[in-house]
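Position 589 of the sequence shown, counted from 1, bears residue number 2061 in my numbering, the numbering being contiguous throughout.
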Amino acid sequence: MFMTAEVLGKFFLLQKDTRCSFPMAAAATTNSLLFVRPRTMFANNIKRSQMMMACCCSVGEQVFSVTPSNNYEVDYLGQSTKGDLNLNLDHLDAVGIDGPATFQGPIEEVARKNAEEAENLLNDLGISSPSSATNSSRGIFCSRTLNLRSISAIGYDMDYTLIHYNVKAWEGRAYDYCMGNLQSMGFPVDGLAFDPDLVIRGLVIDKEKGNLVKADRFGYVKRAMHGTRMLSTQDVSEMYGRELVDLRKENRWEFLNTLFSVSEAVAYMQMVERYDEGAISAEICPPDYRGLYKACFAVGKALFRAHVEGQLKSEIMSNPELFVEPDPELPLALLDQKEAGKKLLLITNSDYHYTDKMMKHSFNRFLPNDMGWRDLFDMVIISARKPEFFQMSHPLYEVVTGEGLMRPCFKAQKGGLYSGGSAQMVENSLDIHGDEILYVGDHIYTDVSQSKVHQLWRTALICQELEEEYSALIHSRDHRATLIELINQKEVVGDLFNQLRLALQRRNTGRPAQTLAATNMDDQELTESMQKLLIVMQRLDEKIAPMLEADGELFNERWGFLSRAGLWDKSHLMRQIEKYADIYTSRVSNFLHYTPFMYFRSQEQTLAHDSYSHYQAQINGSAVDSTGAN
């Protein structure tokens, strides 16, 4: 207490204001706190504590006000100012602060000084800044600017979102149940085992060719596997050089957009290999890969998955310690959000008994003051039937007993536990609509795209693999730097070779070369130079090709990085994330490293013609050289 008072005796922390008469624009996009120096230092620790108490008591009464949802503005980035904290200058004298004097001078100087003091105070308090959290594997990454202060409600999926599963344990057992079902249908599964590295999220099954492919953001196939054998670059080019992956053609392409789909894909690719070996009889499936896919999931994909998931969840409920990784920070992150005035919602497709068991196991022991997981949420909806939950309306039932008994219900109430219903019902019940709601889930389609497309909710994607990928990217920096240097060297050598080739072409048709010097080169000098350059480029290709193939192998030897397709381009999955997820991160507890008032600002997107900045740097450099010469 005394240490904190000592630190806060130097500065008072006042949230940034959007209504004050003095300029505040410099703080608006960084969620930064404004640090105001008092007129006098405190006499002693007791007086400091009393001053802090006085300030705290007046926070909700005279000094601050919160921008209401029915009377807000839009800032210069197009974000709502709902939830912003406003400062009443008339009451600053009550805590010994001379408001107008504090903000005299150019805002650039005021902002620079306060930013420096903010960094120092954060260090003194032992609090990491949002920027340091973002530059880590536990960061929250922003695709579209999001002002958390304007969010009135936050909805959460449960599986792989609020419940952090051990992926290998979950997927391994899901695979076992999947193969057990295939065996019961007559498929040859003897000798097969789950390979967790065979498939990653974001790949696409080509049901027509029996392949698994990785596409870039445009849909061009970059890598492919038939059965369990990776195809060569030449094979990929010949097979997919004239077609694009189009996820709208669901009869052809199956997008692996969740971790649960990984075990199914492993099973299918192994069955493709058995099919090619002639081990699967015609009685079991039609004589093509599309028929094989249908036969593997003969009862319908949704029913097949529900059956496997039901078997697995029964085992998890009986022994959750084997499958669930506890995250003590996660309930505390939600507690911060609730205490900041956010309405918290749990919207899951899981049934009541599984939801209650998993949430009790993962939450109750980490909550303070004998709180239970239900105390966190303003509304809980089980058996939501997403994505239909966002698309249409289903009957609503209220869960009225601890055994899960339900009765029909026509309107949801705050604090209730319900089954079914719809997103529109949630909005009407809470009187909160559209972009006032942030929904957080792990399924790019069921959770993220559908809540955005149909309800215009703000969205956050949980992608557990980000932590491993971030680490792999860091450890691949030297490899990638060397690779890029070699490619740049080849480009320079290639530029000269192409110019000499053009000069030779023009010479053979009796035309002058591009320049007088190139025209005056004798024939032998020209051809010998081209021969040497060609040898250098061929040797560079021999060096670059395997290095390019190995790029990303620290994440996955077959498929490379999750978010990338090739050295510079984004994967098809990453394109989906950028399109539908406003923010994305590896786990919900990462919100604890920020605040419920965070202003997430998207980064500048680089474009192919951004070389203008290089041109401007050259101009500035020339001007400096010229000035120095004088």
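Heads up, the beta-carbon is just placed ideally off N, CA and C, and yes, glycines get one too.
Is residue i helix, strand or coil by DSSP?
i	result
residue 1872	coil
residue 1962	helix
residue 1980	helix
residue 1671	coil
residue 1918	helix
residue 1878	strand
residue 1892	strand
residue 1808	helix
residue 1862	helix
residue 1529	Only weak support is given to the placement of residue 1529: the predicted model assigns it a pLDDT of 40, under 50, and the question is left unresolved by the model.
residue 1985	coil
residue 1757	coil
residue 1906	helix
residue 1661	coil
residue 1552	strand
residue 1789	helix
residue 1947	helix
residue 1925	helix
Specify, as a first and last residue, the run of the alpha helix (DSSP H) that residue i falls within.
i	result
residue 1642	1639 to 1656
residue 2049	2044 to 2052
residue 1829	1824 to 1835
residue 2016	1995 to 2022
Residue i and residue j look like a contact to me (Cβ under 8 Å); what is the Cβ gap, rounded to whole Å?
i	j	result
residue 2061	residue 1802	4 Å
residue 1848	residue 1816	6 Å
residue 1961	residue 2045	Their Cβ separation, rounded to whole angstroms, is 32 Å, which puts residue 1961 and residue 2045 out of contact at 8 Å.
residue 2064	residue 1805	4 Å
residue 1909	residue 1587	Between residue 1587 and residue 1909 the Cβ distance is about 32 Å, and since that is not below 8 Å, they are no contact.
residue 1898	residue 1851	7 Å
residue 1744	residue 1761	6 Å
residue 1943	residue 1601	About 21 Å; that fails the 8 Å criterion.
residue 1998	residue 2023	Their Cβ separation, rounded to whole angstroms, is 36 Å, which puts residue 1998 and residue 2023 out of contact at 8 Å.
residue 1684	residue 1697	5 Å
residue 1876	residue 1824	4 Å
residue 1666	residue 1644	5 Å
residue 2016	residue 1956	Actually they do not touch by this definition, with Cβ atoms about 10 Å apart.
residue 1699	residue 1674	Contact flag wrong, Cβ pair sits at about 20 Å.
So, using beta-carbon positions, are residue i and residue j closer together than 8 Å?
i	j	result
residue 1627	residue 1934	no
residue 1664	residue 1551	no
residue 1907	residue 1930	yes
residue 1677	residue 1751	no
residue 1541	residue 2054	no
residue 1679	residue 1724	yes
residue 1612	residue 2072	yes
residue 1867	residue 1922	no
residue 2002	residue 1972	yes
residue 1689	residue 2041	yes
residue 1535	residue 1559	yes
residue 1617	residue 1728	no
residue 1884	residue 1927	no
Considering residue i, what are the terminal residues of the beta strand (DSSP E) in which it resides?
i	result
residue 1711	It is not in any beta strand (DSSP E) - residue 1711 instead sits in the alpha helix (DSSP H) that spans 1705 to 1712.
residue 1687	1683 to 1687
residue 1739	Counting along the chain, residue 1739 falls outside any beta strand (DSSP E), though it belongs to the alpha helix (DSSP H) covering 1732 to 1748.
residue 1537	1536 to 1538
residue 1583	Careful: residue 1583 lies outside any beta strand (DSSP E), inside the alpha helix (DSSP H) at 1579 to 1597.
residue 1678	1676 to 1678
residue 1625	1625 to 1628
residue 1931	1930 to 1934
residue 1696	1693 to 1698
residue 2057	2055 to 2057
Alpha carbons only, please: which of the options is nearest the one belonging to residue i?
i	options	result
residue 2069	1745, 1556, 1547 and 1699	1556
residue 2058	1605, 1576, 1554 and 1583	1605
residue 1856	1846, 1666 and 1821	1821
residue 1941	1871, 1586 and 2033	2033
residue 1954	1970, 1975, 2019 and 2081	2019
residue 1845	1754, 1832, 1559 and 1964	1832
residue 1810	1839, 1787, 1718 and 1650	1839
residue 1814	1791, 1755, 1797 and 1886	1886
residue 1969	1882, 1979, 1765 and 2000	2000
residue 1653	1554, 1581 and 1780	1780
residue 1636	1595, 1704 and 1788	1788
residue 1649	1989, 1739, 1981 and 1748	1739
residue 2043	1694, 1977 and 1576	1694
residue 1630	1901, 1834, 2010 and 1842	1834
residue 2075	2050, 1592 and 1553	2050
residue 2047	1546, 1692 and 1544	1692
Just checking: is the beta-carbon of residue i within a distance shorter than 8 Å of some beta-carbon in chain B?
i	result
residue 1864	Absent here is chain B; the protein component of the structure consists of one chain.
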